[in-house]
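K.L.:
Numbering (the working numbering), first residue to last: 2 to 89.
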Amino acid sequence: MSDLETALSRLEQAFSALDGAVEEAARRRGDVGRLLEEMETLRGEREELAAEVARLRDARSVADEVDARLEAAIGQVEGILALDRAGG
Numbered sequence: 002m003s004d005l006e007t008a009l010s011r012l013e014q015a016f017s018a019l020d021g022a023v024e025e026a027a028r029r030r031g032d033v034g035r036l037l038e039e040m041e042t043l044r045g046e047r048e049e050l051a052a053e054v055a056r057l058r059d060a061r062s063v064a065d066e067v068d069a070r071l072e073a074a075i076g077q078v079e080g081i082l083a084l085d086r087a088g089g
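Put into structure tokens, the structure is as follows:
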């Protein structure tokens, strides 16, 4: 094989390797793009879940207040019943 043929063979190998690298880069870029899209989707879901947690905390706060009022009302009724029994 002549020096020219050897050089051409090496050049073809280099271009083949370059093509492979370009294909790999394109594949990775596609992977990165998909990962970025997935990350945005997950970020949106996280924000929705955070809003839902806030709503549940608010509901829990209201429930706790209602529970405290019911306990107070029950205590008052029990006190009235105790007075009624004692006087009655």
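For glycine and all other residues, C-beta sits at the position ideal for the given N, C-alpha and C. Computed from a predicted model, the values in this text were never measured in an experiment.
In angstroms with no decimal places, state the Cα-to-Cα distance between V78 and E49.
P.N.:
Within the sequence shown, numbered from 1, the residue matching residue 78 stands at position 77. Within the sequence shown, numbered from 1, the residue matching residue 49 stands at position 48. If you take the alpha carbons of V78 and E49, they lie about 43 Å apart.
K.L.:
CB-CB under 6 Å to R61, same chain, minus the five flanking residues each way: which ones, in chain order?
P.N.:
Counting from one through the sequence shown, the residue named residue 61 turns up at place 60. Within the same chain, R61 has no close Cβ partners at all.
K.L.:
If I follow the unbroken alpha helix (DSSP H) through S62, where does it start and stop?
P.N.:
Position 61 of the sequence shown holds residue 62. Annotation for S62: the continuous alpha helix (DSSP H) segment containing it runs D4 to G88.
K.L.:
Suppose you measure from the CA of R70 to the CA of E46; what does that come to, to the nearest Å?
P.N.:
Reading the sequence shown from its first residue, position 69 is the one you call residue 70. Reading the sequence shown from its first residue, position 45 is the one you call residue 46. For R70 and E46, the gap between their C-alpha atoms comes out near 36 Å.
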